[in-house]
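Here the structure comes first, spelled out in structure tokens, and everything after it is commentary.
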Amino acid sequence: MQYFYFISGLMEETHSPVKEEEETDSLKRKDKNCFTCTQCGKSLLYKKSLRHHMMIHTGEKPCTCSQCGTSFRHPSSLINHMLIHTGEKTHKCDQCGKTFLRASELKSHLHNHTKEKPYPCTVCGKSFKDQARLNRHQKIHTGVREYMCFKCEKTFYRVEHLKVHERIHTAEKPYICSMCSKGFSQLEQMKMHERIHTGEKPYKCSHCNKRFSNSRNLKTHERTHTGEKPYKCSHCDKRFSYPVILKKHERIHTREKP
């Protein structure tokens with residue numbers, strides 16, 4: 003397929019030598035062992051890695067999908083993206099039969115069956131299913147927001163959040179429902195929508211076995227069993243299980259009419 007030839011050519015270009023006079027001020031050594039980005043201060047071991055990192059700041063996305071036109075910074079990201087179009091889900095869970103596009107997705111999914119969270123945060127003690135989730139969480143403590151939108155300069159902890167945000171500016175909806183052709187800006191939004199057509203309810207309550215089409219509705223339902231009340235009134239200390247009940251209560255204080 004054509005895009006693989008494009009990727010190969012791109013990788014050769016990426017690995018080709020660059021003359022000294024072509025170097026920019028953004029490529030500077032902090033010490034003998036690393037290169038430091040002058041935009042955000044991040045240090046990397048190799049000049050090639052720094053050039054790839056600089057694409058975050060410049061907005062450069064040289065790898066373009068031949069199917070939908072979505073662009074990516076790295077060839078590996080494009081290859082992963084192409085799985086959306088091919089629909090090949092070759093990685094199957096032997097516990098429930100659910101299939102996944104990527105081995106990493108299956109590995110993460112398997113923790114849902116074991117409830118195992120072997121990666122604890124050393125700062126707050128919260129545990130996670132995998133190293134990637136732990137790494138993303140730890141940015142909350144460090145305050146590092148290395149991904150910036152070049153349209154409005156809003157910054158994000160995760161590149162996935164930046165990509166989703168950028169679709170606000172582009173109005174891009176790359177995920178199309180196979181049942182009704184409705185477009186969505188996020189893959190998860192499309193998956194949730196498709197359950198309207200299929201009737202699938204993959205989220206089961208551990209207390210009463212009632213099933214739900216999305217995790218948000220499951221969490222809301224489980225509060226009927228646990229008695230959890232996470233929504234606190236800003237005017238008094240009263241707490242509520244649901245935001246709609248909190249909003250109704252707060253009208254007592256504000257005298258606002260519904």
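Under this note's numbering, the sequence shown is numbered contiguously, ending at residue 260.
We put the beta carbon where it would ideally sit given N, CA and C, even for glycine.
C-alpha distance - residue i paired with residue j, whole-angstrom precision
i	j	result
Glu-90	Leu-103	6 Å
Gly-185	Glu-174	9 Å
Pro-176	Cys-70	7 Å
Thr-66	Leu-80	7 Å
Ser-215	Tyr-149	32 Å
Pro-122	Leu-136	7 Å
Glu-162	Ile-247	33 Å
Thr-72	Lys-50	24 Å
Val-166	Cys-235	31 Å
Gly-145	Asp-239	30 Å
Gln-41	Thr-60	10 Å
Arg-75	Tyr-159	17 Å
Leu-112	Lys-206	16 Å
His-109	Tyr-233	It should be noted that the sequence gives Lys, not His, for residue 109. Cα-Cα distance, rounded: 34 Å.
His-195	Arg-218	14 Å
Pro-204	Cys-98	10 Å
Met-3	Glu-107	Annotation note: pLDDT 39 at Met-3 (below 50); position unreliable, coordinate value reported separately. Distance between the alpha carbons of Met-3 and Glu-107 is about 25 Å.
Cys-95	Thr-101	6 Å
Residue i classed as buried or exposed, judged by whether at least 16 other C-beta atoms fall within 10 angstroms
i	result
Thr-226	exposed
His-237	exposed
His-255	exposed
Tyr-48	exposed
Ile-198	exposed
Cys-39	buried
Leu-189	exposed
Ile-58	buried
His-115	exposed
Lys-131	buried
Thr-37	Inspection of the sequence shows that residue 37 is occupied by Phe rather than by Thr. Classification for Phe-37: buried.
Pro-245	exposed
Cys-120	The sequence shown places Pro at residue 120, not Cys. Answer is exposed; the Cβ neighbour count stays below 16.
Option nearest residue i by Cα separation, candidates the options
i	options	result
Glu-224	Arg-169, Cys-210 and Glu-62	Cys-210
Val-125	His-139, Arg-53 and Cys-182	His-139
Met-181	Thr-200, Pro-204, Ser-187 and Met-56	Thr-200
Thr-172	Lys-153, Pro-120 and Ser-243	Lys-153
Ser-68	His-83, Ile-142 and Met-56	His-83
Arg-147	Arg-253, His-251, Glu-118 and Lys-44	Lys-44
Which ranges does the beta strand (DSSP E) cover as unbroken runs of at least 3 residues, wholly within the segment 21 to 104, from first to last along the chain?
-> Taking only runs of at least 3 residues, the beta strand (DSSP E) segments lying wholly in the segment 21 to 104 are 29 to 33 and 36 to 39.
Any chance you could list the alpha helix (DSSP H) runs of at least 4 consecutive residues sitting entirely within the segment 98 to 169, in chain order?
-> DSSP runs (the alpha helix (DSSP H)) wholly in the segment 98 to 169: 105 to 116 and 133 to 144.
Complete alpha helix (DSSP H) runs within the segment 192 to 246 (minimum length 4 residues, chain order) = If we require 4 residues or more, the alpha helix (DSSP H) runs fully inside the segment 192 to 246 come out as 217 to 228.
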